[in-house]
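Here the sequence shown stands for residues 5 to 205, numbered as in the numbering used here.
Structure record follows, encoded as structure tokens.
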Amino acid sequence: MKNMKPWEFEFIDSQRVWAEYALKRQEANAQNRRLTLEDLDDSWDRGIPRINTLFQKDRHTLAYDKGWRVRTEFKTYQILKQNPFWWTHQRHDGKLWNLNNYRTDMIQALGGVEGILEHTLFRGTYFPTWEGLFWERASGFEESMKFKKLTNAQRSGLNQIPNRRFTLWWSPTINRANVRLTFSFCFWGFIVGWKNGSPWW
């Protein structure tokens, strides 16, 4: 769990980050200017509550939202759905967890994107490149296509991208021995196979 910071570190870091924010705000006021994102780039998602909670659009009304933590505690009795983060609120506290480092570490541990694709059915899709099909890139393939004039067929195909990402991630060749049953999966254009414990033919 090296990607999750312990609470002791969070509290110490929070004191330092908020002290830095107070100094930067004083400097900005002295120079008669507003704080910009560049000023707070290194501390944007740090501190308890997070610094970025000061810059959301409903920040003025949140000051009048008294007793919100007690209300969230009572919500556990009203809403049956399990919420492991019942004690926190994303608007008041900000997002207190971030698994971006875990994602990059996991991809590296599995041999990078190319290494992962070697153990999947990616070649059967006949895509020339994995960009836009896997793990968001800076180009943001899905985002760039979102606002284009697309036909319904194209748009529904775009919606399949996350599904393909999931399918290809969970199709490793670890259990490739004794594949007995196969069928053609018409949407994809490749053969899907699985193990069968006892032959039925």
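Where a beta carbon is used, it is the ideal one built from N, C-alpha and C, also for glycine.
Straight-line Cα distance separating residue j from residue i
| i | j | result |
| --- | --- | --- |
| F15 | L58 | 18 angstroms |
| Q82 | T76 | 10 angstroms |
| E118 | M110 | 13 angstroms |
| L113 | P10 | In the sequence on display, residue 113 carries Ala and not Leu. Going from the Cα of A113 to the Cα of P10 covers about 23 angstroms. |
| N36 | R107 | 41 angstroms |
| G115 | L103 | 19 angstroms |
| I120 | K70 | 49 angstroms |
| W72 | F78 | 10 angstroms |
Same chain, Cβ closer than 7 angstroms to residue i, neighbours up to 5 away in sequence not counted
| i | result |
| --- | --- |
| P88 | none |
| W22 | G51 |
Residue i and residue j closer than 8 angstroms at C-beta
| i | j | result |
| --- | --- | --- |
| W101 | M8 | yes |
| K85 | R54 | no |
| D17 | R50 | yes |
| L41 | A32 | no |
| Q60 | R95 | yes |
Residue i at chain C interface by Cβ criterion, 8 angstroms
| i | result |
| --- | --- |
| W90 | Among the chains of the structure shown, chain C does not appear; only one protein chain is present. |
Contact set for residue i: own chain, Cβ-Cβ below 8 angstroms, skip 5 residues either direction
| i | result |
| --- | --- |
| S47 | V21, E24, Y25 and I55 |
| T80 | N87 and W90 |
| H93 | W72, R73 and T76 |
| D222 | Residue 222 lies beyond the range of the chain shown here (5 to 205); nothing can be said about it. |
query = Is the segment 64-72 touching the segment 23-31 in the sense that three or more CB pairs, one from each, lie closer than 8 angstroms?
reply = no
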